[in-house]
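What follows is a single structure, written as structure tokens, with notes after it.
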Amino acid sequence: KNEVEQSPQNLTAQEGEFITINCSYSVGISALHWLQQHPGGGIVSLFMLSSGKKKHGRLIATINIQEKHSSLHITASHPRDSAVYICAVSPGGATNKLIFGTGTLLAVQP
Amino acid sequence: EAGVAQSPRYKIIEKRQSVAFWCNPISGHATLYWYQQILGQGPKLLIQFQNNGVVDDSQLPKDRFSAERLKGVDSTLKIQPAKLEDSAVYLCASSFGGDRGYGYTFGSGTRLTVV
């Protein structure tokens, strides 16, 4: 079982819909990251969370440390939001490598 | 603010040849990471530097891969000799360091194809 699980793996939405991507993890963490990767593109960091909620434009990320769960929400989705969304956690400590989820492939249709 | 710069963007080589990738992190970022992302998989950490020193290279295939970070700034990752299974995107990332990896930023990656 992966230490970081995402759901769903694939998601197709119509333009304008509200989208939720979920992430659950089984290790202790110091921070959780939401990342975006367009096909053939690099990885862009969207959020880094250690508690509560953050909002940037149409994107909202929440984390519940007790439940070991985080969600990424996209409001008023647009075709340009189509990408792979990756949840990754920082276990902390000396080696600050990220543990990555398998990603959620989002396709927003016009 | 300039991002993490990587070059080249694409590289095609024959197996058993050697190749080198370059990374320039964000100014002020003490920690630099090299990740390997094979198609359809999540990135895997190859090596992490804190300034000049290596913090974690446990998943670096040291018989063929090497990396260095001179003067605690730019870094190069080398593969010699390359194998077919090395075909992947090689991502460089940097952060301020510390416990949370604040400011974690990825470069656009180098897509390596070994034929």
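Read top to bottom, the protein sequences are chains D and U.
In case it helps, my numbering puts the first sequence at residues 2 to 111.
In case it helps, my numbering puts the second sequence at residues 7 to 121.
Just so it is clear, CB atoms sit at the ideal spot from N, CA and C, and this is done for glycine as well.
**Request:** Mind listing the chain D neighbours of Gly-42 (chain U)? Cutoff is C-beta to C-beta under 7 angstroms, in chain order.
**Result:** Translated into the one-based positions of the second sequence, residue 42 (chain U) becomes position 36. Residue identity differs from the one stated: residue 42 (chain U) is Gln in this sequence, not Gly. Within 7 angstroms Cβ-Cβ: nothing; Gln-42 (chain U) doesn't reach chain D, min ~12 angstroms.
**Message:** Output needed in chain order: residues of the segment 47 to 69 of chain U with a Cβ under 7 angstroms from some Cβ in chain D.
**Reply:** Going along the segment 47 to 69 of chain U in chain order, one finds Gly-48, Pro-49, Leu-51, Gln-54, Val-61 and Asp-62 with a Cβ nearer than 7 angstroms to chain D.
**Asked** What residues are listed by DSSP as bridge partners for Ile-32 (chain U)?
**Response** As a position in the second sequence, residue 32 (chain U) is number 26, starting the count at 1. Note: Ile-32 (chain U) sits in no beta bridge, so no partner.
**Request:** Assign Asp-82 (chain D) to buried or exposed, taking buried as 16 or more other Cβ atoms, counted over all protein chains shown, within 10 Å of its Cβ.
**Result:** The residue you call residue 82 (chain D) lines up with position 81 of the first sequence. By the neighbour-count criterion, in which 16 or more other beta carbons inside 10 Å mark a residue as buried, Asp-82 (chain D) falls on the buried side.
**Minimum C-alpha distance to Glu-4 (chain D) - residue among D:Leu-12, D:Asn-11, D:Glu-18 and D:Leu-33** = Position 3 of the first sequence, counted from the first residue, corresponds to residue 4 (chain D). The candidate whose alpha carbon is nearest that of Glu-4 (chain D) is D:Leu-33.
**Request:** Go to His-57 (chain D), then tell me how far its beta strand (DSSP E) extends in each direction, as first and last residue.
**Result:** The count along the first sequence starts at 1 and reaches residue 57 (chain D) at position 56. Under the DSSP assignment, His-57 (chain D) falls in the beta strand (DSSP E) whose first and last residues are 53 to 57.
**Request:** Inspect the beta-carbon positions of His-79 (chain D) and Glu-18 (chain D) and report whether they are closer than 8 angstroms.
**Result:** Translated into the one-based positions of the first sequence, residue 79 (chain D) becomes position 78. Translated into the one-based positions of the first sequence, residue 18 (chain D) becomes position 17. Contact: no.
**Request:** Please report the residue range of the beta strand (DSSP E) in which Lys-50 (chain U) lies.
**Result:** Translated into the one-based positions of the second sequence, residue 50 (chain U) becomes position 44. Lys-50 (chain U): member of the beta strand (DSSP E) spanning 50 to 56, first to last residue.
**Prompt:** Applying a beta-carbon distance threshold of less than 9 angstroms, which residues of chain D neighbour Gly-113 (chain U)?
**Reply:** In the second sequence, the residue the question calls residue 113 (chain U) occupies position 107. Taking a Cβ-Cβ cut-off of 9 angstroms, the neighbours of Gly-113 (chain U) in chain D comprise Gly-43 and Ile-44, given in sequence order.
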